[in-house]
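Residue numbers (the numbering used here), protein chains in the order written: chain U, 38 to 298; chain A, 6 to 88. Accompanying notes for the structure given below.
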């Protein structure tokens, strides 16, 4: 397929194409820890959405000039101790935590192991424990977008159902009742599992955001559903489309390009 | 050399899937006397020299910040074991 920017408002217009240049100028950092698996897919998703992926290494002491960060899935540090527990103390993570909490509100997306790292970092509340059925699970999963105002979900409609792959062992989202009630009340449940809860997560929660909406974490993998011919529908035709995950990346690019950068 | 032992357990209200799997396996081996199993973690921190109050305080802090996740786990024991 052609690798044109897929963003509505920011698609290049005319010979000068100032918007496209701005779009390609949006730099999305993708973090690699020892044991990260999905960094290349995440970087590819950024490219397909029209942005410029920037490889970040866990031992880096600076974030460089990135406009947003994706913490991809995998098994950082072999999931030793607890999933995400050791990655949380990597030098780069303290920079990401500071930037996410700063006035600039750096957009941060944690996918799967990245979500686990974000909860261990206390950027997001709650935690993940082993799937209630004790097995690793890999399937195409329907999600409902419950909040389309976060930095990573702007291009979705509220209530929209999307299908993306899910693959995890420690995917059961848990938090105490008070935290869960607060997440619901504040609209911070961003994604919910539809039809089938694949890991026993409380209240079918698949993904949440922080208070400001710049930090989002989820267990399923939008970066694996960004290209026609390689997404969920190609596998078993359960619905949705091959590219339901692309909206995460176009959302944040729209946010960056549209913002006062 | 003395060691500081830190024991971490999943919080009582948290389902412990590993413990659940173990309790399911016990009767298959003829161990029928146990109704539930909770699986925790034991850490042994070796200290060069004497365990001072400051070192013990460090161990307690490490137990709360790195060795356990307070959302899902409790530090149930921190004790010094002389080698």
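Ideal placement from N, C-alpha and C gives every residue a C-beta, glycine not left out. Predicted model only: the values in this text are computed from it and were never measured.
Check                                                                                                                                                                                                        : Outcome
Using a beta-carbon distance cut-off of less than 9 Å, what residues from the region 206 to 222 of chain U approach chain A?                                                                                 : 209, 211, 212, 213 and 216
Please list, in chain order, the chain A residues whose beta carbon lies closer than 7 Å to that of residue 171(U).                                                                                          : 22 and 26
Measure from the C-beta of residue 297(U) to each C-beta in chain A and report whether the shortest distance is under 7 Å.                                                                                   : With a pLDDT of only 38 at residue 297(U), under 50, the local geometry of the prediction cannot be trusted, and the value read off the model is given with reservation. Answer no: the Cβ-Cβ gap between residue 297(U) and chain A never drops below 7 Å.
Taking 7 Å as the cut-off, decide whether the C-beta atoms of residue 155(U) and residue 254(U) are in contact.                                                                                              : yes
Name the residues in the region 191 to 207 of chain U whose C-beta lies less than 7 Å from a C-beta of chain A; which are they?                                                                              : none
Could you tell me which uninterrupted alpha helix (DSSP H) segments, each at least 4 residues in length, are contained entirely in the region 6 to 62 of chain A, listed from first to last along the chain? : 22 to 30
Hey, residue 92(U) and residue 105(U) are a contact pair by Cβ (cut 8 Å); roughly how many whole angstroms apart?                                                                                            : The pair is not a contact, with the Cβ atoms about 14 Å apart (cut-off 8 Å).
Would the beta-carbon of residue 95(U) fall within 7 Å of that of residue 127(U)?                                                                                                                            : yes
Can you tell me whether residue 175(U) is buried or exposed, with buried defined as 16 or more other CB within 10 angstroms of its CB?                                                                       : exposed
Check whether the Cβ of residue 246(U) lies closer than 7 Å to any Cβ atom in chain A.                                                                                                                       : no
Going by DSSP, what residues sit across from residue 90(U) in a beta bridge?                                                                                                                                 : 65(U)
Which residues in chain B have a C-beta closer than 8 Å to the C-beta of residue 167(U)? List them in chain order.                                                                                           : The displayed structure is made up of protein chains U and A, and chain B is not among them.
Which residues in chain U sit within 9 Å of residue 9(A), going by Cβ to Cβ distance?                                                                                                                        : Within chain U, no residue comes near residue 9(A); the closest Cβ sits about 17 Å away, beyond 9 Å.
Would you report the Cα separation of residue 259(U) and residue 70(U), rounded to the nearest angstrom?                                                                                                     : 19 Å
Given a limit of 8 Å on CB to CB distance, which residues of the region 65 to 77 of chain A reach chain U?                                                                                                   : 71, 72, 74, 76 and 77
Indicate the three-state DSSP secondary structure (helix, strand or coil) for residue 200(U) in the structure shown.                                                                                         : strand
Along chain A, which residues have their Cβ under 8 Å away from the Cβ of residue 239(U)?                                                                                                                    : Here the premise fails: no neighbours, minimum Cβ distance about 11 Å.
Count Cβ pairs between the region 69 to 81 of chain A and the region 161 to 179 of chain U that sit closer than 8 Å; are there 3 or more?                                                                    : yes
Just the chain A side, please: which residues come within less than 7 Å of residue 225(U) by C-beta, in chain order?                                                                                         : In chain order: nothing, as chain A lies at least about 16 Å away.
Is residue 225(U) buried or exposed, if buried means 16 or more other CB atoms sit within 10 Å of its CB?                                                                                                    : buried
Using 10 angstroms around the beta-carbon of residue 265(U), count the other beta-carbons present and answer buried if the total reaches 16, otherwise exposed.                                              : exposed
Applying a beta-carbon distance threshold of less than 8 Å, which residues of chain U neighbour residue 19(A)?                                                                                               : 166 and 211
Does the pairing of the region 171 to 185 of chain U with the region 114 to 128 of chain U give three or more beta-carbon distances under 8 Å?                                                               : no
What's the gap between the Cα of residue 281(U) and the Cα of residue 199(U)?                                                                                                                                : 6 Å
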